[in-house]
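J.:
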Amino acid sequence: MRHVSIVGTGYVADLYMQSLATFSDISVRAAFDRNPERLAAFCRHWKVPPADGLAQLLEDAGIEEVILNLTNPDSHFEVSSACLAAGHHVYSEKPLAMEMEAARTLHRIAGEKGLLLASAPCSVLGKAAQTLWKAVRDGRIGRPLLVYAELDDGFISQAPYRQWVSASGAPWPFADEFRVGCTVEHAGYYLTWLIAMFGPVRSVTAASAVLDETKLGNLPTAPDFSVAVLFFDHGVTARLTCSIIARHDHAMRIVGEAGTLEVGEAWDNSAPVRLRRRRRVRRRLIEMPFTRRIRFGEATGRKVARFGSASMNFALGPAEMLDAISEGRPCRLTADLALHLNEVTLAIQQAGSTTGTVRMTTDCAPLEPMSGAMGQTEIRRG
Ligand SMILES: NC(=O)c1ccc[n+]([C@@H]2O[C@H](COP(=O)([O-])OP(=O)(O)OC[C@H]3O[C@@H](n4cnc5c(N)ncnc54)[C@H](O)[C@@H]3O)[C@@H](O)[C@H]2O)c1
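First residue of the sequence shown? That's 697 in the numbering used here, and the numbers climb one at a time after it.
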């Protein structure tokens, strides 16, 4: 049996528990939350031992264990640095840190101590992303040139979000979500796929704005809309949009010289990936109305329950870290990827209306899809 421990037992921790349940060889050693009522409700619901404090949790954790930092974004740096200081591998919910300097510090400490440091999201290990990635690598659309990626979530401030409660009773933390903002919360769902496929982003030309200013009454909130043009090292250009204003749309299109690859949902690990060809018919150029589904590998189906439009297995990242540790190999979710993702995300979030272009200073080595392993990451709809 392999172990993880959990710090932060709020809304998302329940989604991790449902996801971890799909891995019969991973068990949760202990959990801690600074809110004692929340910790008690979580531990009672999932039958997980509560730790007396963070120090106790870290003292009891084994050296091959991964600590899952599922706290609110403002606590990520403090909790992850305590875990690294105690000599533990860390899987952090996004963002790695709210400030770039803090993220760089975590990256440096992990490197110095030889510890793994990765950040969510991990859907890049899921079947949809892996299929898309392999199709690009296999040249199914020729040379990729342009990506349009949408992460619009509907007009969330008008949704009945006060009724959204997790399995163990945690309310959806709307105030924190609105303060942190949809770009920091969501951009990573496609940025990780894009960085994995096309390498590091060299420069970001972005704009962001707060359009619905009264979400939290008079309290300030983060941008609820952002749009970024991302110039990748290896020539691809992408336009990524995030909002909690426009109608739900999570489509991504990758346009290449020989056709287009399309996926309709970033939050469904099993979302179909489709290829659309382009043909010359007499004097016209036609984008074919029919698409062909791309399939790789056999489905093994680690089922997780749906929540809203999502069907993601949040445990793919922690499981990959545990595999890397036990197999003595590099982890596919690298610390460099986490740091680069953090820098690109913050550049988009902080763009405002006047920043214009920002050159990225971090880098990450090119990644490759999990050859032949696509079926092992399929998550079916629950
Ligand atoms: N809510 C979602 O649907 C969702 C989905 C994916 C990812 N996430 C991410 O998951 C993370 C947590 O979000 P959430 O929705 O679970 O928030 P939440 O507020 O429901 O839960 C966070 C928990 O962390 C605890 N906490 C905060 N600081 C702590 C500290 N220093 N020590 C111990 N406990 C601490 C809080 O008491 C709280 O119970 C965020 O980074 C968020 O971006 C959330």
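Just so you know, even glycine gets a beta-carbon here, dropped at the ideal spot from N, CA and C.
Is there at least one non-hydrogen atom of ligand 3 closer than 7 Å to the beta-carbon of THR917?
T.: Summarising the ligand content, the structure contains ligand 1 and does not contain ligand 3.
J.: At what residues does the alpha helix (DSSP H) containing GLU1023 begin and finish?
T.: Counting along the chain, the alpha helix (DSSP H) containing GLU1023 begins and ends at 1012–1023.
J.: Give the straight-line distance between the Cα atoms of PHE928 and CYS739, rounded to the nearest whole angstrom.
T.: Rounded to the nearest angstrom, the two C-alpha atoms are 44 Å apart.
J.: Could you check which residue in TYR787, ALA905, ALA918 and GLY913 has the C-alpha nearest to that of VAL876?
T.: Among TYR787, ALA905, ALA918 and GLY913, the Cα nearest to that of VAL876 is on ALA918.
J.: Of all the options THR1041, PRO1062 and THR888, which has the alpha carbon lying nearest to the alpha carbon of VAL1054?
T.: The residue with the shortest Cα to Cα distance from VAL1054 is THR1041.
J.: Check whether the Cβ of LEU1083 sits closer than 7 Å to any heavy atom of ligand 1, and report yes or no.
T.: Any property of residue 1083 remains undetermined from this structure, which presents the chain solely from 697 to 1078.
J.: Check each candidate in SER777, ILE763, SER1007 and LEU842 and name the one with the smallest Cα separation from GLN714.
T.: The shortest C-alpha separation from GLN714 is found at SER1007.
J.: To the nearest angstrom, how far is the alpha carbon of THR718 from that of ARG698?
T.: If you take the alpha carbons of THR718 and ARG698, they lie about 13 Å apart.
J.: Is it the case that the CB of ASP920 approaches a heavy atom of ligand 1 more closely than 7 Å?
T.: Not under cutoff, so the answer is no.
J.: Considering only the alpha carbon of each residue, which of GLY865, ARG898, THR705 and ASP908 lies closest to PHE874?
T.: Residue ASP908 is the option with its Cα nearest to PHE874.
J.: Can you give me the C-alpha to C-alpha distance between HIS784 and ASN765, rounded to a whole angstrom?
T.: Cα-Cα distance, rounded: 11 Å.
J.: Just checking TYR707 against ligand 1 - is the residue's beta carbon closer than 7 Å to any of the ligand's heavy atoms?
T.: The answer is yes for TYR707.
J.: With H, G and I counted as helix, E and B as strand and the rest as coil, what does DSSP make of GLU760?
T.: If DSSP states are grouped into helix, strand and coil, GLU760 belongs with coil.
J.: Quick one: what's got a C-beta closer than 7 Å to GLU761's C-beta in the same chain, skipping five residues either side?
T.: Closer than 7 Å at Cβ, skipping near neighbours: HIS699, VAL700, SER701, ARG725 and HIS784.
J.: How about PRO791 and VAL906: are their beta carbons less than 8 Å apart?
T.: Not a contact, by the Cβ cut-off of 8 Å.
J.: Compute the beta-carbon to beta-carbon distance between ILE837 and GLY955, rounded to the nearest angstrom, for a pair I have assumed lies under 8 Å.
T.: Indeed they touch by this definition, with Cβ atoms about 4 Å apart.
J.: Exposed or buried, what is ARG1028 when buried is set at 16 or more other beta-carbons lying within 10 Å of its beta-carbon?
T.: So ARG1028 counts as buried.
J.: Is it right to say ASP1019 is buried, meaning 16 or more other beta carbons lie within 10 angstroms of its own, or is it exposed?
T.: Classification for ASP1019: exposed.
J.: Please list the segments of the beta strand (DSSP E) lying wholly inside the segment 900–981, counting only runs of 3 or more residues, in order along the chain.
T.: Segments of the beta strand (DSSP E) lying fully in the segment 900–981: 921–928, 933–939, 948–952, 955–959 and 969–977.
J.: Beta carbon of SER864, beta carbon of ASP710: below 8 Å?
T.: Yes. Within cutoff.
J.: Taking its Cβ as the centre, do 16 or more other Cβ atoms sit within 10 Å of HIS930, making it buried, or is it exposed?
T.: Exposed: under 16 other Cβ atoms inside 10 Å.
J.: For ALA871 and SER1022, what's the separation of their Cα atoms in angstroms?
T.: Cα to Cα, ALA871 sits roughly 39 Å from SER1022.
J.: When the Cα atoms are used, what is the spatial distance from ILE940 to TYR885?
T.: Taking the straight line from one Cα to the other gives about 15 Å.
J.: When you compare the CB positions of LEU1035 and HIS772, do they come within less than 8 Å of one another, or not?
T.: It is not a contact, given that the beta carbons lie outside the stated cut-off.
J.: Are the Cβ atoms of THR1058 and GLU1039 separated by less than 8 Å?
T.: In contact: THR1058 and GLU1039 (Cβ atoms closer than 8 Å).
J.: How would you write the range of the beta strand (DSSP E) that ARG875 sits in, first residue to last?
T.: No beta strand (DSSP E) holds ARG875; the alpha helix (DSSP H) holding it covers 870–876.
J.: Nearest by alpha-carbon distance to HIS944: which of GLY850, TYR712, ARG898 and ALA727 is it?
T.: With distances taken between Cα atoms, HIS944 lies closest to GLY850.
J.: For the putative contact between VAL703 and THR767, defined by C-beta atoms under 8 Å, what is the C-beta separation to the nearest angstrom?
T.: Correct: roughly 6 Å between the Cβ atoms.
J.: Alpha helix (DSSP H) containing ALA1006: first to last residue?
T.: Segment: none, ALA1006 is in no alpha helix (DSSP H) and carries neither H nor E.
J.: Measure the C-alpha to C-alpha separation of GLY892 and ALA816 and round it to an integer number of angstroms.
T.: In the sequence as displayed, the identity of residue 892 is Ala instead of Gly. Cα-Cα distance, rounded: 14 Å.
J.: To the nearest whole angstrom, what separates the beta carbons of THR987 and ARG976, a pair I think is in contact under 8 Å?
T.: In fact, because the Cβ distance is near 18 Å, the residues do not count as touching under 8 Å.
J.: Please return the same chain residues whose Cβ sits closer than 6 Å to the Cβ of ARG1080, not counting the five positions on each side in sequence.
T.: Here the chain covers residues 697 to 1078 and nothing more, so residue 1080 does not appear.
J.: Of all the options TRP868, GLY835 and THR937, which has the alpha carbon lying nearest to the alpha carbon of ARG734?
T.: Comparing Cα positions, the closest option is TRP868.
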